[in-house]
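Structure first, then comments.
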Amino acid sequence: ELERLAQALENDGTATAEIPLAAMAEKIAKNLGVKTDEVAILGISTRWRHLHFLVPQALKNVGFIPLTSNSALAARTVRDSKPEINNNFSA
Numbered sequence: 001e002l003e004r005l006a007q008a009l010e011n012d013g014t015a016t017a018e019i020p021l022a023a024m025a026e027k028i029a030k031n032l033g034v035k036t037d038e039v040a041i042l043g044i045s046t047r048w049r050h051l052h053f054l055v056p057q058a059l060k061n062v063g064f065i066p067l068t069s070n071s072a073l074a075a076r077t078v079r080d081s082k083p084e085i086n087n088n089f090s091a
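With the first letter of the sequence shown counted as 1, position 54 gets the number 54 in this note's numbering; the numbers rise by one all the way through.
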């Protein structure tokens, strides 16, 4: 089901509001064996050239990650168009 949702996002970004991102984060957390609040789903602002949190809700108003950041894994993933799963972040 995660592949289907990811494909829908890739094919038609305008349908994002219809996809339950919190439910998607729950499924990702379950598959990785982590807590739901340890999974983040980010959106891309092409206008402002940054990433912003869509999930978890608690991080929505925290800020953003510039796509030019050399230290942010998420920004590098977008720039390189190379997905990566990393569960080695320290608390």
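Here a beta-carbon is modelled for each residue, glycine too, at the ideal position from N, C-alpha and C.
Quantities reported herein were computed from a predicted structural model and do not represent experimental measurements.
- Contact between the segment 27-34 and the segment 46-57 is absent: fewer than three C-beta pairs spanning the two stretches fall below 8 Å.
- Take the alpha-carbon of Phe53 and the one of Leu2: they are about 19 Å apart.
- For the options Val55, Ala58, Ile28, the alpha carbon positioned closest to that of Asn86 is the one of Ile28.
- Contact between Val55 and Ala25 holds: their C-beta atoms lie close to 5 Å from each other, under 8 Å.
- For the segment 19-91, the continuous alpha helix (DSSP H) assignments of 4+ residues that do not extend past its boundaries occur at 21-32, 73-80, in sequence order.
- The beta carbon of Leu21 lies closer than 6 Å to those of Ile41, Leu54, Val55 in the same chain, with the five residues before and after it left out.
- In the three-state scheme derived from DSSP, where H, G and I count as helix and E and B as strand, Glu10 is classed as helix.
- The C-alpha of Glu38 is placed about 11 Å away from the C-alpha of Asn88.
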